[in-house]
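Right, one structure below, let's go through it.
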Amino acid sequence: GAPEPPPPEADSKTKHTIPNMIMGEWLPQVLKKPLAKAGVLLGAVAILAVAIVGALNIRMEFDYEWFIPDDADVKTAMNVRDDMFPMGGGLPFSVYTEAGDYFGQQAALAALSQSMRDSKYVAEGSVRSWYDDFVAYKGAVPAVADEFYVDLAAFLKDPAGERYADDVVMKEEGGSWSIVSARYHANFVELDEATDQVNAMDDVRAIADNSEMDAFAYTQPFIFIDGYKVIAWEMVRNVLLATTAVFIIILLLFASIEGAVLVLLMVACVEVSVFGFIHWGGNYMNSVTCILVVISVGLSVDYCAHITHAFLVATGTREERMEKALRHIGGAVFNGGITTYLACILLCLSKTYVFKSFFLLLTVIIWVGLYFGLFVMPVVLSLVGPPSYPSELADALGDGSHEEKPSSKAAQGVTEVFMGAPRAMEMGQLQRPDQQS
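In the working numbering, the protein residues as written are 3 to 439.
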């Protein structure tokens, strides 16, 4: 027959590298000690505690100017503008009214401007209403529609009302005037928190929606404020979808509910850490950082999934299987994390917000992921790890702790196990090589 393959210990190219010696020989011996186990778990608790405090204090904020490199000429001009010529007052916005019977809806026009003044989010004295000033200019409301529109057209050309010339769009057709569209202006009060900005936007939108006029509120920053409104829920939803997908795939690959749950727990710990350290890194919750939080689900699962799989395949006590798992795959997991970090380390030289955010959060993902994968997960497995696979299945999957290699018949039995026939081994479909004819 074919010669037996050499035992794993004979493979010096993989056995005696520095990462394998540290992660496969030194680290298991350290993690066997009760004091070391306690220290690792306390370290995990400390990381999560700091992260949770950061998560509770994180703020939503975004500014398109962040995308401009720090050394760009336009950024220098913006800094001079902000330092030397700061703009006072809150964010300006407008309430637009569309075509309609403006003469017949004068009460609604007056009520709309009054509702804006009554809002707690609108700065006092900031509402600029062409209709209110037109009524004050005339002294009395014209009683006839034609007179109303003719007088309004004259008001918009008069020095008393020319500032509203761009706020009322009028059309003359067949000798009759009508208003195509108009708008009121106002300013919000100073709003520093994103939550207050969302509430202010919703408030003025509600004022417009409740008006008898066909009205809507708008200002360009609403584009970003709308993002604040949905980003928290969308991030939570996407993270939940990603972690659910990870759990299902790991469950199918591991065929172990306990193992899949432990991997999911480690991934959740990394997710909480990444989210919390957004705050401690001086960053904010926005579309850029939330993308990285979702991406971290896929990046962090590798660090603990390989260790757990090797643990499931290994035989012996939990302590022995933890040692075998680290000896078999610990060095490779460490190398994977280091090479990933080397691939993104040049981002630290970046001058734009996106790449600086990527570097900050990828650093957290990689190093926290390695800690939970190579330190916390082995300790947890040594304490409450799931049972190993049956010996025939472990031989077929192979972890370096079994000398026998699976035959084609054994591999077929493994396929049947994963396809929903776990009784295959009981029926003799999985056999050791020396038992086959």
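C-beta: ideal position from N, C-alpha, C; glycine also. Just so you know, these numbers come straight off a predicted model, no measurement behind them.
Inter-residue spacing [alpha-carbon to alpha-carbon] between residue i and residue j
{"i": "residue 382", "j": "residue 260", "result": "12 Å"}
{"i": "residue 371", "j": "residue 276", "result": "10 Å"}
{"i": "residue 221", "j": "residue 98", "result": "10 Å"}
{"i": "residue 114", "j": "residue 134", "result": "11 Å"}
{"i": "residue 241", "j": "residue 338", "result": "23 Å"}
{"i": "residue 440", "j": "residue 298", "result": "Outside the shown range of the chain, which is 3 to 439, sits residue 440, and nothing can be said about it."}
{"i": "residue 388", "j": "residue 331", "result": "18 Å"}
{"i": "residue 84", "j": "residue 195", "result": "19 Å"}
{"i": "residue 1", "j": "residue 197", "result": "Here the chain covers residues 3 to 439 and nothing more, so residue 1 does not appear."}
{"i": "residue 319", "j": "residue 279", "result": "37 Å"}
{"i": "residue 168", "j": "residue 233", "result": "35 Å"}
{"i": "residue 325", "j": "residue 35", "result": "12 Å"}
{"i": "residue 68", "j": "residue 238", "result": "24 Å"}
{"i": "residue 146", "j": "residue 153", "result": "11 Å"}
{"i": "residue 45", "j": "residue 356", "result": "30 Å"}
{"i": "residue 151", "j": "residue 160", "result": "14 Å"}
{"i": "residue 102", "j": "residue 95", "result": "22 Å"}
{"i": "residue 165", "j": "residue 182", "result": "18 Å"}
{"i": "residue 286", "j": "residue 58", "result": "12 Å"}
{"i": "residue 201", "j": "residue 82", "result": "31 Å"}
{"i": "residue 105", "j": "residue 148", "result": "9 Å"}
{"i": "residue 170", "j": "residue 192", "result": "28 Å"}
{"i": "residue 38", "j": "residue 312", "result": "22 Å"}
{"i": "residue 360", "j": "residue 116", "result": "47 Å"}
{"i": "residue 118", "j": "residue 228", "result": "20 Å"}
{"i": "residue 179", "j": "residue 218", "result": "23 Å"}
{"i": "residue 52", "j": "residue 136", "result": "59 Å"}
{"i": "residue 402", "j": "residue 379", "result": "The predicted model places residue 402 with a pLDDT of 45, which falls under 50 and marks its position as unreliable; any figure quoted below should be read in that light. Taking the straight line joining both Cα atoms gives about 20 Å."}
{"i": "residue 88", "j": "residue 132", "result": "28 Å"}
{"i": "residue 18", "j": "residue 28", "result": "12 Å"}
{"i": "residue 283", "j": "residue 365", "result": "11 Å"}
{"i": "residue 156", "j": "residue 100", "result": "21 Å"}
{"i": "residue 250", "j": "residue 33", "result": "30 Å"}
{"i": "residue 321", "j": "residue 369", "result": "25 Å"}
{"i": "residue 348", "j": "residue 71", "result": "16 Å"}
{"i": "residue 225", "j": "residue 289", "result": "12 Å"}
{"i": "residue 158", "j": "residue 243", "result": "56 Å"}
Where the beta strand (DSSP E) through residue i begins and ends
{"i": "residue 173", "result": "170 to 175"}
{"i": "residue 99", "result": "94 to 99"}
{"i": "residue 217", "result": "217 to 220"}
{"i": "residue 184", "result": "178 to 189"}
Cβ-Cβ separation, residue j to residue i (assumed contact under 8 Å), whole Å
{"i": "residue 336", "j": "residue 25", "result": "5 Å"}
{"i": "residue 54", "j": "residue 274", "result": "7 Å"}
{"i": "residue 30", "j": "residue 329", "result": "7 Å"}
{"i": "residue 47", "j": "residue 377", "result": "Actually they are not in contact, since the Cβ atoms of residue 47 and residue 377 sit about 13 Å apart, beyond 8 Å."}
{"i": "residue 327", "j": "residue 316", "result": "6 Å"}
{"i": "residue 93", "j": "residue 223", "result": "6 Å"}
{"i": "residue 358", "j": "residue 73", "result": "At roughly 13 Å, the Cβ-Cβ gap does not stay under 8 Å, so residue 358 and residue 73 are not in contact."}
{"i": "residue 209", "j": "residue 121", "result": "6 Å"}
{"i": "residue 391", "j": "residue 314", "result": "6 Å"}
{"i": "residue 270", "j": "residue 246", "result": "With 8 Å as the limit, residue 270 and residue 246 do not qualify as a contact, their Cβ atoms being about 12 Å apart."}
Residue i - containing alpha helix (DSSP H), residue span
{"i": "residue 291", "result": "289 to 315"}
{"i": "residue 147", "result": "147 to 159"}
{"i": "residue 35", "result": "Neither: residue 35 is in no alpha helix (DSSP H) and is coded neither H nor E."}
{"i": "residue 116", "result": "108 to 120"}
{"i": "residue 19", "result": "Unbroken run through residue 19: none, as it is neither H nor E."}
{"i": "residue 207", "result": "196 to 212"}
{"i": "residue 276", "result": "259 to 282"}
{"i": "residue 80", "result": "75 to 86"}
{"i": "residue 240", "result": "224 to 256"}
{"i": "residue 64", "result": "Looking at the DSSP string, residue 64 is not in any alpha helix (DSSP H), and its letter there is neither H nor E."}
{"i": "residue 380", "result": "379 to 386"}
{"i": "residue 143", "result": "Neither: residue 143 is in no alpha helix (DSSP H) and is coded neither H nor E."}
Near the ligand ATP: residue i beta-carbon under 6 Å from a heavy atom
{"i": "residue 161", "result": "Although the ligand ATP was asked about, the structure shown includes no ligands whatsoever."}
Problem - At least 3 beta-carbon pairs within less than 8 Å: the segment 180 to 199 vs the segment 125 to 133 - result: As far as the Cβ criterion goes, the segment 180 to 199 touches the segment 125 to 133, which means the pair count is three or higher.
Practice task
Taking 8 Å as the threshold, find out whether the segment 141 to 156 comes into contact with the segment 203 to 219 through three or more Cβ pairs.
Solution key: At 8 Å Cβ cutoff, the stretches do not touch.
Problem - Sufficient close CB pairs (3 or more, under 8 Å) joining the segment 160 to 176 to the segment 56 to 75 - result: Counting Cβ pairs under 8 Å, fewer than three are found: no touch.
Handout entry: alpha helix (DSSP H) runs wholly inside the segment 325 to 359, at least 4 long, in chain order
Key = Here the runs fully enclosed are 333 to 346.
Exercise for the section: For the segment 246 to 261 and the segment 306 to 319, state whether three or more C-beta atom pairs, one from each stretch, are separated by less than 8 Å. Expected result: Segments in contact, yes.
Practice task
Tell me, please, whether the segment 74 to 85 touches the segment 284 to 301 by the rule of three or more beta-carbon pairs shorter than 8 Å.
Solution key: The answer is no - the segment 284 to 301 does not touch the segment 74 to 85, with fewer than three Cβ pairs under 8 Å.
Handout entry: Validate contact between the segment 287 to 294 and the segment 339 to 349 using beta carbons, cut 8 Å, 3 pairs
Key = Segments in contact, no.
Problem - the segment 211 to 229 in contact with the segment 98 to 111 per 3-pair CB rule at 8 Å - result: Yes, the segment 211 to 229 is in contact with the segment 98 to 111.
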